[in-house]
Each structure stands twice: as C-alpha cells, then as structure tokens.
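Working notes, structure below.
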Amino acid sequence: MDNTQRENKKTVVPTSGSRHPVSFVWPLLMVVFVLAFDQAVKFVIVHLVMNPPQPIEVTPFFNVVLVYNRGISFGMLADFIGAAPQLFSWLKLLIVMGLIAWAYKTKVFAERLALCIIAGGALGNISDRFLNGAVTDYLNFHWNGLHWPAFNIADIAVVGGAVAVAAVPYIFTPKMNV
476 MDNTQRENKK TVVPTSGSRH PVSFVWPLLM VVFVLAFDQA VKFVIVHLVM
526 NPPQPIEVTP FFNVVLVYNR GISFGMLADF IGAAPQLFSW LKLLIVMGLI
576 AWAYKTKVFA ERLALCIIAG GALGNISDRF LNGAVTDYLN FHWNGLHWPA
626 FNIADIAVVG GAVAVAAVPY IFTPKMNV
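For the sequence shown, position 128 (counting from the first letter as 1) is numbered 603 according to this note's numbering, and the numbering increases by one without interruption.
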C-alpha cells in the first residue's frame, strides 16, 4: 500500500471542537438530565413533601415552600403573561431552540455544555407552564425577615449555565478548544 492509500484510510476522530454529531451527544444528554431531574424534584415536592402545602423550615435561613409563579422572574408580568401563558411558553421554546442551535455551532465543549444546561432548565420551566399554567417554585432563602423570591432547580440551571457561558471566554483560550 502506498502513502496515498494510507492517507485515504485514515479515520477522522471528532474532537470536542468539531460539529460532528457524536460531539453533541453529551450536551444533549445534559438537556434531558436537567429537564428530568427538575421535573422529578418538582413532582416529589408537590405530591410528597408539600402534602398538605405548608412551609417547611429546613434551616434558620432556608425554607421549602410551594409557589406557583404565573409571571417571569420573581413573578413580574404575571397579569400580562397570565392572559396568554401558552403564547409565552411557545416564545420561550423558540429561544431554547436558538440556544441549542448556538450550542451546536460553538467549537468550545464547555460553552456547548453550558448552553445545553440553560436549555434543560428553560425546558423544565416551560414544561410547568404547559402542564400547570405556572412554574412550580419551592426553594426559599431568607435572612432577618428579608425573603429572596422562591425558585427551583431549573432556575439554578439557567443562571448557572449563563454564568458559565459568560466565563468560558475567560477560561478557555483558542488553543484549548481542540
């Protein structure tokens, strides 16, 4: 076999920076994991922990509560969104599709993973809106009578993923993307 034949037989192994479908499997599994974990915890909170629904003091600064958020962050625009919750959910679904497209195009695996974590969290809250007309929140932190609005694991995924996306350019240099 001559050199030309050997070169033609080389197998191309996808790297984390490639757009090969294999390099996208783990991030997509992260979307599914975040969505499933969020929905499973919400199910346990609603049907087992909060039955009957009453605040549970876990520590002097943390409670488990049951809140149905019909608005966006911290319940803002609840009246506006309450008039057309499905429309708002479809809009968020389009945004999630944009995040997944962005994740597919990026060459940095950490950024791809972070975008998919955001997408999984967003899908967790979108699922709530489609199923219940509101997002189920249950984590409540407070200190000296000041309460942070209740939130959930999907919210943590969205915020944590956004912080990671913002941090990626400062952590990974182009040489590390290969």
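Where a beta carbon is used, it is the ideal one built from N, C-alpha and C, also for glycine.
Legend entry - Opening and closing residue of the alpha helix (DSSP H) in which V533 lies: Note, V533: premise wrong, no alpha helix (DSSP H); beta strand (DSSP E) at I531 to T534.
Inset, instruction - Would you identify the three-state DSSP class for W623, choosing helix, strand or coil? - result: In the three-state reduction of the DSSP assignment, W623 falls in the coil class, being assigned neither a helical nor a strand state.
Legend entry - Closest by C-alpha distance to Y543, when choosing among I631, P624, Y579 and A511: Ranking the options by Cα distance to Y543, first place goes to P624.
Inset, instruction - Using a threshold of 8 Å, state whether the C-beta atoms of A576 and P502 are closer than that. - result: The Cβ atoms of A576 and P502 lie no closer than 8 Å to each other.
Inset, instruction - Please classify V539: does DSSP put it in a helix, a strand, or coil? - result: In the structure shown, V539 adopts extended strand secondary structure according to DSSP, grouped into three states.
Inset, instruction - Per DSSP, which residues does W577 bridge with? Please list them. - result: Assignment of beta-bridge partners to W577 by DSSP yields no partner.
Inset, instruction - Verify whether the separation of the beta carbon atoms of V521 and G596 is less than 8 Å. - result: Contact flag unset, no.
Legend entry - Contacting residues, own chain, Cβ-Cβ under 6 Å from A641 (five flanking each side not counted): Cβ within range, chain order: n/a, list empty.
Legend entry - Proximal residues to A637 (C-beta, below 7 Å), its chain only, five neighbours per side dropped: Excluding positions up to five away in sequence, the list reads I593.
Legend entry - heavy atom of the ligand COA below 7 Å from V509 C-beta: You won't find the ligand COA in this model; it holds no ligand whatsoever.
Legend entry - Burial state of L562, where buried means 16 or more other Cβ atoms lie within 10 Å: Burial state of L562 is exposed, judged by a 10 Å Cβ sphere holding fewer than 16 other Cβ atoms.
Inset, instruction - Kindly indicate the opening and closing residues of the beta strand (DSSP E) around V610. - result: For V610, the enclosing beta strand (DSSP E) begins and ends at V610 to W618.
Inset, instruction - For N600, name the three-state secondary structure that DSSP assigns. - result: If DSSP states are grouped into helix, strand and coil, N600 belongs with the helices.
Legend entry - Pairwise C-alpha distance: G635 and I601: About 18 Å.
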